[in-house]
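Just so you know, the protein sequences line up as chains S and G, in that order.
Each residue of the first sequence is one higher than the last, beginning at 25 in our numbering.
Each residue of the second sequence is one higher than the last, beginning at 61 in our numbering.
Each residue gets a CB set at the ideal place from its N, CA and C atoms; glycine is no exception.
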Amino acid sequence: MSDARHPERLYRMIRLIRRFEERSIDLVRAGEIQSGIHACIGQEAVPTGVCATLTPDDVLLSSHRGHGHLLAKGCDPDTVLAEMAGRVTGVDKGRGGSFHPSDFAAGVYNATGTVGHGAAIAAGVAWALRQDGGDRVVVSIFGDGAVTQGALLEGFNLASLMKLPVVYVCENNGYATTLPVASGVGGTITGRGEAFGIPSSTVDGQDVETVLAAAEEAVARARAGDGPSLLEFRTYRYEGHHTFELKARLRYRPPEEIEAWRARDPMVIQAARLPGPVRERLDAEVEEIVERAVRFAVESPFPDPVDALDHLYTTGPTPRPGLSLC
Amino acid sequence: MPKLSYLKALNRALGDEMERDPSIFVLGEDMHHALTNVTAGFMERFGAERILEMPLTEQGFTNFATGAAMAGRRPVIEFQIPFLLLLVFEQIVNQANKFRLMSGGQTSVPVTYLCPAVGWRAGWGAQHSDQVHALFAHLGVKTVVPATPTDAYGLLVTAIRDDDPVVVLGALASLPLREDVDFAALAPIPLGVGRVHREGSDLTVVAIGHQVHDALAVAEDLAGEVSIEVFDPRSVHPFDWDGLAASLDRTGRLVVLDDGNRSCGLAAEILATAAEEMRLVAPPKRVTRPESAVVGASPQLDVALLPTRQQLTAAVHQVLKT
């Protein structure tokens with residue numbers, strides 16, 4: 025049970041991400057998370073399975089839909105939720121928010137908002153880790169919308185050229201905001217990896233055991249010094265791109281498509297592998313964790329406005345104010 | 061005393077720092093042949109693990125440097141041409157320079173972006189001739205524009221040692237400069253500390269980068285009629301506002317000479333700050349490229365757009381009249 029790959033641990037993490045996101049949407053509605061969020065409900069098996077293969081020393085670069093990545097990488101739900109709520113107790117002291125959270129102690133280096141650019145940042149991190157010795161790996165997670173960005177392909181090229189220990193993870197949830205993959209992606213996602221000589225495969229992203237098996241192979245390849253891999257996980261988000269869709273009521277996805285993917289709910293798939301009493305115990309544990317995080321977030325203070333430009337520079341200069349009264 | 065060229069000063073600063081700190085590495089294009097000469101001899105001296113030959117993938121390798129920096133390295137990227145800094149503006153401004161704040165201080169991104177070739181060169185055309193220092197200053201990226209070989213050495217050393225992203229811009233017009241130098245006296249120069257190249261009592265000329273030398277020539281030409289102080293901020297962000305205020309306390313008159321475009325340029329900020337906060341006894345002037353300037357490829361057209369010593373002389377005379 026201590027191994028993150030244990031079926032109970034996999035279920036517990038999926039459940040944690042699911043409930044964390046559901047309660048976060050409640051906090052968006054309540055005005056506690058003012059930015060709104062990009063929820064990953066429906067996609068939980070991907071970060072859960074991928075991160076189960078990682079050590080705390082491995083590095084992950086996330087995306088704007090990253091709450092699940094952080095939780096699966098071992099970040100504290102309390103400080104992640106406080107960050108999303110813009111509180112000073114957040115892991116980034118309220119400077120990262122829901123969109124750009126990082127937690128360097130847990131190996132989450134950041135989530136750049138520029139879609140796809142994390143792929144080349146990941147290559148640089150991987151190069152430095154390899155220089156340090158050891159067998160640490162870097163995972164770069166992005167969505168299907170990122171594969172049409174040139175910077176991502178530049179990252180693929182460098183990772184392949186330098187044979188870097190990177191695992192590229194594409195969460196293909198079918199839509200770049202409102203644009204269907206078929207309308208945005210010429211060729212295939214895995215074809216992009218293959219063009220750079222990167223072993224690439226398309227994998228079911230709804231069954232966490234399948235995700236885990238694919239990730240183990242890719243991570244092992246990186247650890248062995250055999251270079252990068254690309255895993256395209258076919259998955260689906262049950263919610264909108266962003267919580268603004270709660271009001272916008274966009275109609276870019278057919279209801280029957282949503283229902284078909286709901287029939288392959290990653291939480292239900294993994295729950296079916298566990299005895300009922302075990303599941304109930306894990307669910308209760310998760311509720312306690314999530315409710316504690318909610319309390320911690322909403323009861324935490326906001327940052328002091330006087331400190332708005334703290335952390336901009338490591339050393340000097342103090343920025344001049346917008347109004348000069350001298 | 062031995063002579064030190066501007067280019068050799070950059071080479072020497074980078075080499076000295078790499079000897080001192082093994083976390084420093086260089087990445088850029090045509091490294092095996094040290095095309096710009098900044099890294100001349102480095103492939104043999106430091107090896108391919110510290111001198112990274114990169115393909116034409118500027119956005120990719122600028123992000124690569126950000127990643128390596130967050131993992132404890134001190135990358136120095138060489139860009140051969142100034143427009144490449146616009147190509148990677150996103151990577152520097154919106155990513156590297158924001159990651160420390162966005163992480164609440166968890167990380168630093170100590171990357172040096174070195175372009176030893178900004179500004180105009182005859183016939184190189186519209187896309188190779190820009191001055192980009194004001195853009196970085198506007199968005200808060202630490203940026204230095206050394207005017208002399210000694211300052212090029214000292215500011216590049218400081219940029220590399222700084223824990224944040226720093227842009228180092230050497231003007232093409234500065235590269236042939238040579239200076240008598242005591243090598244033992246070469247030292248880091250702090251960011252945000254300007255230099256008075258020539259003291260004067262009637263009027264301050266603030267000049268940026270290679271135009272410091274134009275300002276000094278004009279000051280010498282006009283020495284019989286006016287006492288001009290030549291102030292070189294050296295770093296454009298942070299800017300030595302205290303140094304400028306002290307100079308204006310002495311002179312009360314100001315002309316800014318800047319090879320950037322006029323609108324929203326560095327000269328505009330210097331004039332505005334001086335007008336708001338400093339002692340001026342006459343309206344100040346600036347001498348810059350025209351608003352919206354795009355140089356072409358015919359040198360005869362291009363030089364008509366660059367600030368000249370004649371324009372500076374005219375501006376000095378006008379400010380003295382009021």
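Asked, Found
"Given that G:ASN154 touches chain S, what residues does it touch there, using C-beta distances under 7 Å?", "THR138"
"Using 8 Å as the cut-off, can you tell me whether the stretch 142 to 160 of chain S makes contact with the stretch 82 to 90 of chain S, which would need three or more C-beta pairs spanning the two stretches below that distance?", "yes"
"Candidates S:ARG344, S:SER324, S:ALA246: which alpha carbon is nearest S:ARG111's?", "S:SER324"
"Out of curiosity, what's the CA-to-CA distance linking S:TYR192 and G:PHE196?", "32 Å"
"For S:ASP35, decide whether its Cβ has a neighbour in chain G, counting only Cβ atoms nearer than 9 Å.", "The amino acid at residue 35 of chain S is misidentified as Asp; the sequence shows Tyr. No, S:TYR35 does not count as interfacial toward chain G."
"Could you check the C-alpha separation between G:ASN71 and G:VAL178 for me, to the nearest Å?", "17 Å"
"Can you find the residues in the same chain that come closer than 8 Å, C-beta to C-beta, to G:MET61, ignoring five residues on each side of it along the sequence?", "ASP240, VAL241, ASP242"
"Answer yes or no: does any C-beta atom of chain G fall closer than 9 Å to that of S:ASP159?", "no"
"Would you tell me roughly how many angstroms separate the C-alpha atoms of S:GLU233 and S:ASN196, rounded to the nearest one?", "18 Å"
"Would S:ALA106 and S:GLY98 qualify as a contact pair, given that the criterion is a beta-carbon distance under 9 Å?", "no"
"So G:VAL266 and G:ILE330 are supposed to be a Cβ contact under 8 Å. How far apart are they, rounded?", "6 Å"
"Are G:GLU138 and G:THR99 touching if we call contact CB-CB under 9 Å?", "yes"
"Figure out for me which residue from S:THR259, S:LEU254, S:LEU203 has the closest Cα to the Cα of S:PRO223.", "S:LEU254"
"Where does S:ARG247 sit, in a helix, a strand or coil, going by DSSP?", "helix"
"Please find out if some non-hydrogen atom of the ligand FAD comes closer than 8 Å to the beta-carbon of S:THR201.", "As for the ligand FAD, it is missing from this structure, which has no ligand bound."
"Taking one C-beta from the stretch 202 to 219 of chain S and one from the stretch 161 to 181 of chain S each time, how about it: are there three or more such pairs within less than 8 Å?", "yes"
"Mind the definition here: the stretch 351 to 359 of chain G touches the stretch 74 to 85 of chain G only if three or more C-beta pairs lie below 8 Å; say whether that holds.", "no"
"Note down, in chain order, each residue of its chain lying with its Cβ closer than 7 Å to the Cβ of S:VAL52, except the 5 sequence neighbours on either side.", "GLY60, ILE61, THR267"
"So G:ASP223 packs on S:THR79, CB below 8 Å; how close in whole Å?", "At roughly 28 Å, the Cβ-Cβ gap does not stay under 8 Å, so G:ASP223 and S:THR79 are not in contact."
"So G:GLU289 is in the beta strand (DSSP E); what residue range does that whole segment cover?", "288 to 292"
"On a Cα-Cα basis, can you pick out the residue from S:THR259, S:HIS91, S:SER87, S:LEU153 that is closest to S:ARG42?", "S:HIS91"
"Return the first residue and the last residue of the beta strand (DSSP E) that S:ILE165 is part of.", "162 to 167"
"Mind pulling the beta strand (DSSP E) runs of 3 or more residues that sit fully within the stretch 137 to 194 of chain S?", "162 to 167"
"Does the beta carbon of S:GLY179 come closer than 9 Å to any beta carbon on chain G?", "yes"
"Which partner residues of G:LEU229 appear in the DSSP bridge assignment?", "G:CYS175"
"Which residues in the same chain as S:ARG303 place their Cβ atom closer than 8 Å to its Cβ, once the five residues preceding and following it in sequence are excluded?", "TYR35, ALA295"
"Alpha carbon to alpha carbon, how far is G:PRO176 from G:VAL201?", "18 Å"
"So, is the C-beta of S:PHE44 closer than 9 Å to a C-beta in chain G?", "no"
"Rounding to the nearest angstrom, what Cα-Cα distance links G:MET91 and S:GLU46 in this structure?", "52 Å"
"Check the Cβ of G:ARG133 against every Cβ in chain S and list those closer than 7 Å, keeping chain order.", "ALA152"
"Need the endpoints of the alpha helix (DSSP H) that S:ILE213 sits in, please.", "213 to 219"
"For a cutoff of 9 Å on Cβ pairs, would you count S:LEU254 as touching chain B?", "Looking for chain B here will not work: the only protein chains present are S and G."
"Do G:ASN157 and G:VAL169 have their CB atoms nearer than 9 Å?", "yes"
"My output table needs one value for G:LYS28: the three-state DSSP class, helix, strand or coil.", "Here chain G covers residues 61 to 382 and nothing more, so residue 28 of chain G does not appear."
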